[in-house]
Amino acid sequence: MNLEIFQLDNSLPFNDTSVIIVEVENIKFYRSLIESFHCISEFETPAIEMRLYENNEEVNIANETVIITDILHFDFKQRVFITKIYKQLEKQYHNNKEIDLIADQLIELRQLIGIQLNDYDLPLQLNEEVKLSSLYKLFNVTIEVETESILDRLLLLIDLVAQLKIARIIILNNVRCYFVEQELLEVYKYALYKNIKLLLIESTFKKGKLQYERKLQIDNDYIEFWQ
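53 is the number of the first residue of the sequence shown in the numbering used here; add one for each residue after it.
Structural data, given as structure tokens:
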């Protein structure tokens, strides 16, 4: 996959063996970049146009990415994240042999509610089509996160995104400041093992690079350097 950011000369090529780091010296451009990723996650029009390609065909960037602006305070129960989880659970459910059993139980439940509504001489209607996502909401299916460890939260996020196939790319904002090199390598290796591609957006330059890192530096004059 390749991510094209229209204000950059270089595209960001994702692969199965590396993590992409983008270091931005110009604070205004860095801020605009983060805001644009956030707009995309909310299905809004970003200030900086971006497009994601796979095998030379454009794919929906909002469906393939999760943006984390603050991993410490990331709300695993936020609407956008939970909606993606419900959609993926519903998709997996439709490939499950238990669908007939659940469907029969839903029909029986609708019939019971219909009988109750008939007791009233009122124009009450019953929705004949109930989506599984409605049932997940009814039973309050959410993610419970008990740890305050930033490392554990990030690893859990990678695990959730991978297992539930929520997205294929996780975009992290200024996350390196929380970790020593050994912890960063642990995050990189875990993401690659889970087939999740990482894009780290950083507001500071850092000398050298770690194993697995491919680094694009953008200075104040918008000159780009690959490492």
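Every residue gets a Cβ at the ideal spot worked out from N, C-alpha and C, and that includes glycine.
The structure displayed is predicted, hence computed values, not measured ones.
Are residue i and residue j touching if we call contact CB-CB under 7 Å?
| i | j | result |
| --- | --- | --- |
| I210 | A243 | yes |
| F257 | E75 | yes |
| Q140 | K217 | yes |
| Y230 | I275 | no |
| E101 | F58 | yes |
| L55 | L104 | yes |
| Y188 | Y245 | no |
| N272 | E77 | yes |
| D123 | V227 | A small fix is needed here, since residue 123 is Ile in this sequence, not Asp. The answer is yes: Cβ separation under 7 Å. |
| I119 | F89 | yes |
| E142 | S186 | no |
Name the residue from the options whose alpha carbon lies nearest to the alpha carbon of residue i.
| i | options | result |
| --- | --- | --- |
| K261 | N272, F128, N115 and V232 | V232 |
| E106 | Y245, L64 and V76 | L64 |
| E96 | N115, K80 and Q263 | N115 |
| F126 | K143, R205, R83 and I218 | R205 |
| V71 | K241, C91 and E198 | K241 |
| V213 | N78, F58, F133 and E87 | F133 |
| N179 | K189, Y188, D173 and Q163 | Q163 |
| W278 | R266, N247 and D173 | R266 |
| D68 | N247, L208 and D171 | N247 |
| K183 | L158, D173, D171 and T199 | L158 |
Count the other CB atoms, across all protein chains shown, that sit within 10 Å of the CB of residue i; report buried if there are 16 or more and exposed otherwise.
| i | result |
| --- | --- |
| S93 | buried |
| E254 | buried |
| E150 | exposed |
| L252 | buried |
| V193 | exposed |
| I222 | buried |
| P98 | buried |
| I73 | buried |
| L176 | exposed |
| T117 | buried |
| L236 | buried |
| R220 | buried |
| K136 | buried |
Could you spell out the range, first to last residue, of the beta strand (DSSP E) harbouring residue i?
| i | result |
| --- | --- |
| N54 | N54 to I57 |
| L22 | The requested residue 22 does not occur in the structure, where the chain is confined to residues 53 to 279. |
| K267 | E265 to I270 |
| L224 | I221 to N225 |
| F257 | Element bounds for F257: n/a, residue is neither H nor E. |
Taking the alpha helix (DSSP H) that residue i falls in, what are its first and last residues?
| i | result |
| --- | --- |
| V213 | I202 to Q215 |
| L237 | E233 to Y245 |
Next on the checklist: Runs of 3 residues minimum, wholly inside the region 64-118: which ones carry the beta strand (DSSP E) assignment?
Outcome noted: 71-76, 102-106 and 109-111
Checklist entry - In the region 114-201, which residue ranges form an unbroken beta strand (DSSP E) of at least 3 residues, counting only runs that do not cross its ends? => result 117-120
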